[in-house]
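Trainee: Chains as they are written, first to last, in the working numbering: chain A, 779 to 1120; chain B, 428 to 846; chain C, 18 to 558; chain D, 631 to 822.
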Amino acid sequence: MNDRTTTLDATQKLHFYQKGTFTVGNRLVSDQQRAVQASIDRSNALTCGHRACQGCGEALGARYAMDAAMRATGGNVIAVNATGCLEVFTTPYPETSWQTPWLHSLFGNAAAVATGVAAAMRVKGRPEVRAIAQGGDGGTTDIGFGCLSGMFERNDDVLYICYDNEAYMNTGVQRSSATPPAARTATTPAMGPEPGNVFGTGKSVPKIAVAHGIPYVATATVADLHDLERKVMKAMGIHGARYLHIHVPCPLGWGSASQDTIRLARLAVECGLFPVFEAEHGVVTGSRKIRRQVPVAEYLQPQRRFAHLFSSDAGKNRIAHLQAIADRNIAEYHLLDAEGEA
Amino acid sequence: MLKQIEGSRAMAEAIGLCRPEVICAYPITPQTHIVEGLGEMVRTGEISKCEFINVESEFAALSVAIGASAAGARAYTATASQGLLYMAEAVYNASGLGLPIVMTLGNRAIGAPINIWNDHSDAMAVADSGWMQLFAETNQEAADLHIQAFRLAEELSMPVMVCVDGFILTHAVERVDIPEQADVDAYLPPYEPVQVLDPQDPISIGAMVGPEAFTEVRYLQHYKQTLALRLIPEYAAAFKKQFGRDSGGLLRSYRCEDAELIVVAMGSVNGTIKDTIDEMRADGLSVGLVTLVSFRPFPTAALREKLVRALNVVVIEKSLAVGMGGPLANNVDLALRNVAGAPQVHSVIAGLGGRPITKTSLHRVLRGAFVQPWEGSHFLDLNEKIVAKELHYVRKVRRSGPTAENLLRRLGQAEKAAV
Amino acid sequence: MTHPFAISLDVGTSLANLTGSWRTSRPVYVDRLPPCNHVCPAGENIQGWLYHAESGDYETAWRTLTTDNPLPAVMGRVCYHPCENACNRAQLDEAVGINSVERFLGDVAIRNGWRFAQPPSATGKRVLVVGAGPSGLSAAYQLRRMGHAVEIHEAGPFAGGMMRFGIPKYRLPRDVLDAEISRIVDLGVGIKLNSKVDRIVESMQAGGFDAAFLAVGAHIGKRSYIPAGSAAKILDAVSLLRSMEGEEQPLLGRRVVVYGGGNTALDAARTAKRLGATEAIIVYRRTRDRMPAHDFEVEEALQEGIMMKWLSTIKRMDEGVLTVEKMQLDSTGFPQPTGEFETLETDSLVLALGQDVDLSLLDGVPGLEIKDGTVQVAANMMTGYPGIFAGGDMVPSERTVTVAIGHGKKAARHIDAWLHGAAYAPSSAHELASFDKLNTWYYADAPKTVRPMLEVARRQSTFEEVQGGLDETNALYEARRCLSCGNCFECDNCYGVCPDNAVIKLGPGKRFQFNYDYCKGCGVCAQECPCGAIRMVPEEI
Amino acid sequence: MFQVRIHGRGGQGVVTAAELLSVAAYLEGKHAQAFPSFGSERMGAPVVSFCRIDDKEIRLREPILEPDALIVQDPTLIKAIDVCQGLKPGGYLLVNSNRSLSDLHLDAVAKQLPAGHVLTVPASELALKHVGRPLPNAALLGAFARLTGIIQLQSVAAAIRDAFPEKIAAANIAAATAAHDAVASADAVAAA
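See the structure below:
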C-alpha cells in the first residue's frame, strides 16, 4: 500500500502538470495513480440517501476516508462510530447509508469498542480485517478522550478518525474543546465583554496523540483529497494505534454557505489556523506547506459564527489574536518553508 | 476435580473452561482476584486463543467487550460497585444491542460514604438495565453459574450478570468441584452469534430508533427475558445431567412444605438462614426458605407458587432503595399481587456495607415475626441509640457536619464508655 | 428479518430516501466559450486541439486545428496571436503559448508528411479563387473539402501572396510556406501562376465558374510626395520585400532610413540591416507607444541594432542627406510641426506608409461598391454582384494573415451555401468563459516556456529564422497549461466533492451526469469546478 | 379549538412559524400551544410543527392529526409526503408557491374544501424581496391571517417584533404585510 501511495505522490510531481495536479482525477495518468475518489468503482462506503445537511463536510470526509481505507485493505474494514451527527444522519431506522460493517455503541467509547473489534478479529484468526473508529470532535476530544488515550497507550490496532467540525453540531451547535476562540456557538453566544468562545489555551488532540508516541498521527482536510487519501492508506499500512484528525466545515454550525464547505477548509489551511502535518512514533515528520497564504480574516469573514469580529474595534483585536495563533502554527510546523523541508 | 480454593480463583478457572475469547480487566475490589487469575491463565496458556486486555476504566472494559462481542467473540469482564455505575451507560447499551456478554459482579456497597464491603446495592442499581442477574449462594454455585450464564446469554443473545457476594464468597477459601474441560465443552456449545460484524456480509448495528419502533424493541427485549424463565430451569437440569449437581435454576426452596413463615433471600446469606431455620424448626417453629437465584428475569409465577400457602413472608435483603424500602421485598409483593388471601410480606434490610448477618440476629427478627409481624422495613441490628443522638444533634445544630463521621465518633465514645 | 429488529439495518436501505427533494437549486453542466476561441480571427477551436495535444495525440490535434486553418506551421510563426492576449491563464501566471504549440504541430505535420483527407464526393460546382495569398488558399482549401472544384488564379510567379512577398524569410522560412501550400495543392486545388485576372466576370464565364472568391493582396506601396534631388534613392517597402524573392538583391547602401511606423517598416529596416546596412534608422512622426507595429517586433528590431527616430517627419531628400522636421504631440495625441529642422545622412530612403490593393479587375462590374480602396461585402462576404465574394486585404478589416485565413473560411462556407441555394447560419455562440467563472486553485503554477531566439550577431547578418520552436516535452508542457476554460476536462472534481454521491461518472470521454434523486443542491460541485462548466439553477417552486 | 399544522424543511423556520403564530394568538388574549415534531432532522429535511389556538386552557398533548389549517412552506414536499393527511372538510390550505394549484396537482384537494379556503402565495419570492433570504414563514403568516381571520396581521407583526432584532423584524413584517395584502387584492378580484 505504501508503494502505491508513494508512486501516487511521485506522479503528482512528474506527470500531473498544470491541469489535474490538485483536482480529484486526471485523465492523463493511469487509473492506479488516480485518487480513490476518481475511481468509477470506488466503494462509496457512505452511500446516497443519508440525511446530512446540504454541503456537509463530515459526510464528505467520512466517504473520502472510508473509501481510501476500503481500497487499502481490499474492503476488509469494520467501522465503529461514536454518537454524533455522522451516526445520526447515516443510520436513522429504517435506513443505513453504510456499506461497510458498522457499529454504533455510545458517545464516549468508540475507541474502546474498536479495540474490542480488533481483538475479536485477532482471536478469530482474521487479522486482515481492520478496525476503524470514527467520531466528531465532541466524541473525540471531550467525552471520548479517556477511551481514546487508553487505546493509544496500549497501541491497539485501531485507526481512530476524528471529523472535526469544531462544535457539538448534532445537539444544536454547542461549544466543544475543539471550538476555536471567538467562535459563536449556542453556549458561547456573541454577547457580553468576551463574545463567542473564550481565548483559552486550546487543546490539540493531534499533539496529544503524538505525545503518546503512537506509530502514526496526521491531520488532513476535505480540501486536500490527495493528501487525505495518502494518509489513510499510509495509516492502513501500519499496525498499532493510529490517529487521523480531519477538518470538516459545517455549514449549519459555522453559518457558511453550503457551497463553501471545501473553500473554507482550504482557507483554514492557507491562513495557518489548521496546520496539516504528520508524525511518526512521537516525532513530527512533515507538514503540508501553505500554497497561497491568506490573512485569517479571509477565512473568518464568510462564517456567521465570526460575524461579531467584523462589527467592532474590539473585534479587530480578536482577529489579530487569531492571526497570532495562525502565525504560531506557521512557525511551529514550518508551513511557509519550501516543499520537502520538515 | 475437587479443590480447596479461593472463590475468585474457582470462578476464574470455571470461566477459563468456558473458553472466553476476549477478557477485559480493570481492577476494583472485590472482583479483582478473578481477572488477576484469568490474566495469569491467559499468560500461562491455560486459556488459549484469548485476548486479555487491561483497560483504563470500567466504562472501557465493558465497551471493549461490546466491540468484541459484536464482532463475534465470546466476551467477558468483571466489576463491582462504583465500577458498575461508571460503566452503567455501557451496561444498558450491551443489553440494548443484544450482545451476550457475561460479567461477574462482586457485590459491594455504593458510596458515599465510601465502603468496599458487601451488599447488593450495585446489582439493584442496574437491575432494570436489561441484563439477566443470577445470584450465587456458594462458591460452587458461583463457578457453575458462569458456565450456565454463557449458554443462556448466547442462546438468547442477551447479557448475563453473575452476582457474587464480595469478600464473603470472592475471598472465601472452600471446597469447590472444578469441572472437567470435556464436560464444559459438552455442555457449552461454541458461540454462534445471531448477528456479527463481517466485511463479507456487512450490516449496520446500533441504529437510531424513533418513537415508531422503540416500544417494539423494548418489548422484544422483555419478551426474551420471559423466555429465560423457561430456559434457566432447563439449563440447570441439563447442568445436573452433565455435572451431577444442582446449581442455578430460578429459585430453590428449603423446608417450605407446610411452613407458616417463609423467608426469601438472595446470595450467600441463604446458608446462615438455613442453619437458623433448622434450629427454629427444632423448636417447632414452622419456617422455611426460598432462595432466589434469578432476580432478572424475576420468576413471579414460580415464587407465587412457593409462597402462596404461607401466612407470613419475610424478605431479607442486602439492599435499600432509599425513600422506598427493600427492592427485593417490593418484587416479592409483585409475586403475590391480586392473590386472594395472600400472605403478609415483611421486609428486613440487613448486612448493608458488609455488616455481618448473624444467626443470633436472624433468630431475633424471625421469631419476632411469629409474635409481632411488622409493617414497613426492619433494619437488622440498627444502632438506634446512635441514630437518635445524631438526629437530635442535627435538629439542634445547623452545621452538623458529615453524618458518617459523627456516627464513628459516637461509636468510639460508646466503646470508651463500655470499658 | 435475519437480525435483531430496528437496531440492526441492511446495507443499501438509505437508497429509499430520495434526498433530491431537499433541493432548492440544481447544478447543470454547461459548455462555455473559451476566450482564445472567442477572439481567434481564423475561428480556430484552439482549446479543442490543445486538448488532444495535451495527451500527446498530435495528429488528432493537428487534424482538429486544420479543419479551420490549413496553414498551422505558417500561423505558428506569423500570427500575432490575439488568443494569447485573451487567455485567462495570463491572469494566473502567463498566457498559454498557444502560438508556439500551433507551430510545433505544424512542424510535426510537415516532418511526418501528414496529408489532408480527400473530399468525400464531387458537387460538380466550380469556384474561381483570385489570389493565392492566405485568404485565397484558405477559401480554396475549405471549398475543396466541401467537394467543389477550385482553381486559383495567381498574378505572381509563386503562391503565398503577402506571406511570401510581405513577410521576410527570417520570420517565415520559405520551405515551411511551400510545404503547407503544396499540401493544399495535393488536395486537388489547381493554382495557375502568372495569370492575372483583369476582368473577373469574363474570367468566370470563360472558365465556367459558378462562383468566385476574390482575395487580392495589398501589394501596392503607398507613396507620399517628398521633394527629392535627382540622385536621391527612394523606394517603397513592399517592393523592397518583394525584390528579396528575386534573383539579385537590391542595393541600399550603408545608411538606410525607413519612413513609417507599421510592421512593414520594421520588416524593411531589419531586412536592410541583414543586407549589410551599418545604420538602419526608422523615422516615425509619433512616439513608440503610438506605433502600429507590434511591440515584440520593435523589441527584436532594437536588439538587432535598428535605430529609431521618434516625432519626426521627412521634408525632403537630397543626395545622401534627409531633412527632417521635429514634431510634437498635441493634446489629442496628433503630431504637430515645430518648425525645428535637422538633417540625417542616408544612402537610401524606404517608404513604409501602408499599402493598397489593385482593384482593376473589378472595373465595370455592376452593383459593386468601392470605398477607401476596398470592396464592400455583405455579412456573407458577397459583393454587390451575385456569386462574387471577396475577403482578405480587399475588404475593410485588419490586414493580417490570420484575418485573411478567417475570411477565406467564412467566405467558403457562404459560397458553399450559396451554391446550394441556401444560406449558411453559424451556430449560436456559448456564453463566454470569463476568468471569474474559474476556480484556479486546482491549477498548478506553471510559467510559460520561452521559445529559443537566434543570437543577435547572426540575426544582423543572415536571414536565418529568428525564433525557434519548442521540442516535444516543451510543447506537451505548454499544451497542458491550458485551463480548458468553460469546458469539462474530466478532472473528476464534481464526482469527488459531492457529499451525497449524486454525481454519476460516465467513463472516459463521456463526462458526468447528476443524479437528481439524491442531489441536495449544495452547490459544492459548481464552486469547486476548476473550469466553470457547472451552473447552479434555482428550482421552480 | 383551531389546530394548525405547518410543513416545511429544516432551515426554513418551520418551528419559528408555529411559535410566532402562538405568540400572535397569545397577544390577542387567546390560549395557544406551539410545539415541533421532535427529531434530529437536518437542514433541508422534512420538518413538521404544530400550533393550537383556543379561548380556554389547552390540555391536549397529542400531535395534530386532524388540522383545521395546513401551511405548506415548501411545495416540493407535496410530491414527497401526504401533507394534506387528516385535513378537516372545512379546513384551510395555504401553500408557498408562485405556481397555480393545478401545477401543484392540488385541484382534487381544493375541490373538497370550501371556496376561498385554498391559496398559494409566492412567500419565498416576497421573503427574498424584503428579507433578502428565502425564509417564507413570516410572509406565510401574513397570508394566513388574511386567509383564516383566526389572527390579525398586527398581532403577527407584534409577535415578529418580539422575536427578532429591529431590522430583521421590520423586514419580516414587510414581507408578512405584502403577502397579506396580496391575498386581500386577490379576494377583491374574486369578489368583483
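C-beta: ideal position from N, C-alpha, C; glycine also.
In the DSSP assignment, find the alpha helix (DSSP H) that holds Trp79(C) and state where it starts and stops.
Mentor: Taking the third sequence and counting its residues from 1, the one referred to as residue 79(C) is at position 62. 75–83 is the span of the alpha helix (DSSP H), which, as asked, contains Trp79(C).
Trainee: Measure how close the beta-carbons of Val691(B) and Val759(B) come, nearest whole angstrom, since I'm counting them as under 8 angstroms.
Mentor: Start at 1 with the first residue of the second sequence, and residue 691(B) comes out as number 264. Start at 1 with the first residue of the second sequence, and residue 759(B) comes out as number 332. Right, their Cβ atoms sit about 6 angstroms apart.
Trainee: With a floor of 3 residues, list each beta strand (DSSP E) that falls wholly inside the segment 466–535 of chain B, ordered by position along the chain.
Mentor: Fully enclosed beta strand (DSSP E) runs of 3 or longer: 478–481, 502–506, 529–534.
Trainee: What is the DSSP secondary structure of Ile630(B), reduced to helix, strand or coil?
Mentor: Taking the first residue of the second sequence as position 1, residue 630(B) is located at position 203. It is a strand residue.
Trainee: Kindly identify the DSSP beta-bridge partner or partners of His1023(A).
Mentor: Within the first sequence, numbered from 1, the residue matching residue 1023(A) stands at position 245. DSSP lists Cys940(A), Thr997(A) as partners of His1023(A).
Trainee: Are the C-beta atoms of Cys831(A) and some chain D residue less than 8 angstroms apart?
Mentor: Locating residue 831(A) in the first sequence gives position 53, counting from the first residue. Taking Cβ atoms only, chain D reaches closer than 8 angstroms to Cys831(A), which makes this a yes.
Trainee: So if I threshold CB-CB distances at 9 angstroms, which residues from the segment 790–817 of chain B count as touching chain F?
Mentor: As a matter of chain content, chain F is missing from the structure shown, whose protein chains are A, B, C and D.
Trainee: In chain order, what residues of the same chain lie with their CB nearer than 7 angstroms to the CB of Thr830(B), ignoring the 5 residues before and after it?
Mentor: The residue you call residue 830(B) lines up with position 403 of the second sequence. Excluding sequence neighbours, Thr830(B) sits near Glu817.
Trainee: Using DSSP's beta-bridge definition, name the partner residues of Gly640(D).
Mentor: Here the question's residue 640(D) lines up with position 10 in the fourth sequence. DSSP output for Gly640(D) lists Met673(D) as bridge partner(s).
Trainee: Can you pull the chain B residues whose beta carbon is under 7 angstroms from the beta carbon of Phe529(C), in chain order?
Mentor: Here residue 529(C) is taken as the residue at index 512 of the third sequence, counted from 1. In chain order: nothing, as chain B lies at least about 28 angstroms away.
Trainee: Report yes or no: is there a C-beta of chain A within less than 8 angstroms of the C-beta of Met673(D)?
Mentor: On the fourth sequence, position 43 is the one that residue 673(D) refers to. Chain A, which has a Cβ nearer than 8 angstroms to the Cβ of Met673(D), makes this yes.
Trainee: Quick one: what's got a C-beta closer than 8 angstroms to Tyr97(C)'s C-beta in the same chain, skipping five residues either side?
Mentor: The residue given as residue 97(C) occupies position 80 in the third sequence. Residues of the same chain with a CB within less than 8 angstroms of the CB of Tyr97(C), apart from the 5 flanking positions on each side, are His311, Thr417, Thr419 in chain order.
Trainee: If you follow the beta strand (DSSP E) that Pro973(A) is part of, which residue opens it and which one closes it?
Mentor: For the purposes of this step, residue 973(A) is taken as the residue at position 195 of the first sequence. Pro973(A) -> no beta strand (DSSP E), and no H or E assigned at all.
Trainee: Which residue's Cα is closest to the Cα of Ala492(C): Leu471(C), Thr466(C), Asn102(C), Leu523(C)?
Mentor: For the purposes of this step, residue 492(C) is taken as residue 475 along the third sequence, with counting starting at 1. If we check each option's Cα against that of Ala492(C), Thr466(C) comes out closest.
Trainee: Out of curiosity, what's the CA-to-CA distance linking Leu258(C) and Asp227(C)?
Mentor: Locating residue 258(C) in the third sequence gives position 241, where the first residue counts as 1. Locating residue 227(C) in the third sequence gives position 210, where the first residue counts as 1. So the two alpha carbons sit approximately 36 angstroms from each other.
Trainee: Return the residue from the list Leu436(C), Leu292(C), Leu328(C) that minimises the CA-CA distance to Glu357(C).
Mentor: The sequence position of residue 357(C) within the third sequence is 340, counting from 1. The residue with the shortest Cα to Cα distance from Glu357(C) is Leu328(C).
Trainee: Report yes or no: is there a C-beta of chain A within less than 8 angstroms of the C-beta of Ile461(B)?
Mentor: By 1-based counting over the second sequence, the position of residue 461(B) is 34. Chain A contact via Cβ: absent.
Trainee: Looking at Gly716(D) and Glu692(D), is the spacing between their C-beta atoms short of 8 angstroms?
Mentor: For this step, residue 692(D) is matched to residue 62 along the fourth sequence. For this step, residue 716(D) is matched to residue 86 along the fourth sequence. Taking 8 angstroms as the Cβ cut-off, Glu692(D) and Gly716(D) do not qualify as a contacting pair.
Trainee: So Ala441(B) and Ile605(B) are in contact, right, with Cβ under 8 angstroms, and what is the actual spacing, rounded?
Mentor: Stepping through the second sequence from its first residue, residue 441(B) is reached at position 14. Stepping through the second sequence from its first residue, residue 605(B) is reached at position 178. Contact holds; Cβ gap of about 7 angstroms.
Trainee: Tell me whether His773(B) sits in a helix, a strand or coil according to DSSP, three-state version.
Mentor: Within the second sequence, residue 773(B) is the residue found at index 346, counting from 1. Residue state, collapsed to three classes: strand.
Trainee: Once the 5 residues before and after Pro800(B) are set aside, which same chain residues still bring their CB inside 7 angstroms of it?
Mentor: Position 373 of the second sequence, counting from 1, holds the residue named residue 800(B). Excluding sequence neighbours, Pro800(B) sits near Asn739, Gln771, His773.
Trainee: Span of the alpha helix (DSSP H) holding Lys667(B)?
Mentor: Here residue 667(B) corresponds to residue number 240 of the second sequence, with the count starting at 1. Counting along the chain, the alpha helix (DSSP H) containing Lys667(B) begins and ends at 641–670.
Trainee: Residue ranges of each beta strand (DSSP E) run of no fewer than 3 residues wholly in the segment 1010–1083 of chain A, ordered along the chain?
Mentor: 1020–1025, 1055–1058, 1061–1065
Trainee: Taking the beta carbon of Gly350(C) as the centre, do at least 16 other beta carbons fall within 10 Å, making it buried, or is it exposed?
Mentor: Indexing the third sequence from 1 puts residue 350(C) at position 333. Classification for Gly350(C): exposed.
Trainee: With distances taken Cα to Cα, identify the nearest neighbour of Val118(C) among Asp335(C), Ala550(C), Arg498(C).
Mentor: Sequence index remark: in the third sequence, residue 118(C) carries index 101 (1-based). When only C-alpha atoms are compared, the closest one is Arg498(C).
Trainee: Within 10 angstroms of its Cβ, does Val554(C) collect 16 or more other Cβ (buried), or is it exposed?
Mentor: For the purposes of this step, residue 554(C) is identified with residue 537 of the third sequence, where counting begins at 1. It is exposed - the Cβ of Val554(C) has fewer than 16 other Cβ atoms within 10 Å.
Trainee: List the endpoints of the continuous alpha helix (DSSP H) containing Thr360(C).
Mentor: Reading the third sequence from its first residue, position 343 is the one you call residue 360(C). First-last for Thr360(C): 352–362, but that is the beta strand (DSSP E), not the alpha helix (DSSP H).
Trainee: Expressed to the nearest angstrom, what Euclidean distance is found between the alpha-carbon atoms of Glu1119(A) and Arg1069(A)?
Mentor: The count along the first sequence starts at 1 and reaches residue 1119(A) at position 341. The count along the first sequence starts at 1 and reaches residue 1069(A) at position 291. With a pLDDT of only 47 at Glu1119(A), under the threshold of 50, the placement of this residue in the model should not be trusted; the figure read from the coordinates follows. The straight-line gap from Cα to Cα measures roughly 14 angstroms.
Trainee: Rounded to the nearest angstrom, what separates Asn833(B) and Ile813(B) at their Cα positions?
Mentor: Start at 1 with the first residue of the second sequence, and residue 833(B) comes out as number 406. Start at 1 with the first residue of the second sequence, and residue 813(B) comes out as number 386. Each residue's Cα considered, the two are about 9 angstroms apart.
Trainee: Looking only at its own chain, which residues have a Cβ that is under 6 angstroms from the Cβ of Arg849(A), when we skip the five neighbours before and after it?
Mentor: Counting from 1 along the first sequence, the entry for residue 849(A) is found at position 71. Excluding positions up to five away in sequence, the list reads Val814.
Trainee: Just checking, does the segment 562–575 of chain B make contact with the segment 712–728 of chain B on the three C-beta pairs under 8 angstroms criterion?
Mentor: yes
Trainee: Whole-angstrom Cβ separation of Gly643(D) and Asn726(D), contact assumed at under 8 angstroms?
Mentor: Working through the fourth sequence from its first residue, we reach residue 643(D) at position 13. Working through the fourth sequence from its first residue, we reach residue 726(D) at position 96. Contact flag wrong, Cβ pair sits at about 11 angstroms.
Trainee: Between the C-alpha atoms of Asp712(D) and Asp737(D), what's the straight-line distance to the nearest angstrom?
Mentor: Taking the first residue of the fourth sequence as position 1, residue 712(D) is located at position 82. Taking the first residue of the fourth sequence as position 1, residue 737(D) is located at position 107. Rounded to the nearest angstrom, the two C-alpha atoms are 14 angstroms apart.
Trainee: How many angstroms separate the CA atom of His637(D) from the CA atom of Thr646(D)?
Mentor: Along the fourth sequence, read from residue 1 onward, the residue named residue 637(D) stands at position 7. Along the fourth sequence, read from residue 1 onward, the residue named residue 646(D) stands at position 16. Rounded to whole angstroms, His637(D) to Thr646(D) spans 12 angstroms at the Cα level.
Trainee: Once the 5 residues before and after Lys791(A) are set aside, which same chain residues still bring their CB inside 6 angstroms of it?
Mentor: For the purposes of this step, residue 791(A) is taken as the residue at position 13 of the first sequence. The predicted position of Lys791(A) is uncertain, since its pLDDT is 45 and thus under 50; a value taken from the coordinates is nonetheless stated next. Cβ within range, chain order: n/a, list empty.
Trainee: So for Lys791(A), helix, strand or coil by DSSP?
Mentor: In the first sequence, counting from the first residue as 1, residue 791(A) sits at position 13. Note that Lys791(A) scores 45 on pLDDT, short of 50, meaning its location in the model is unreliable and no value can be drawn from it.
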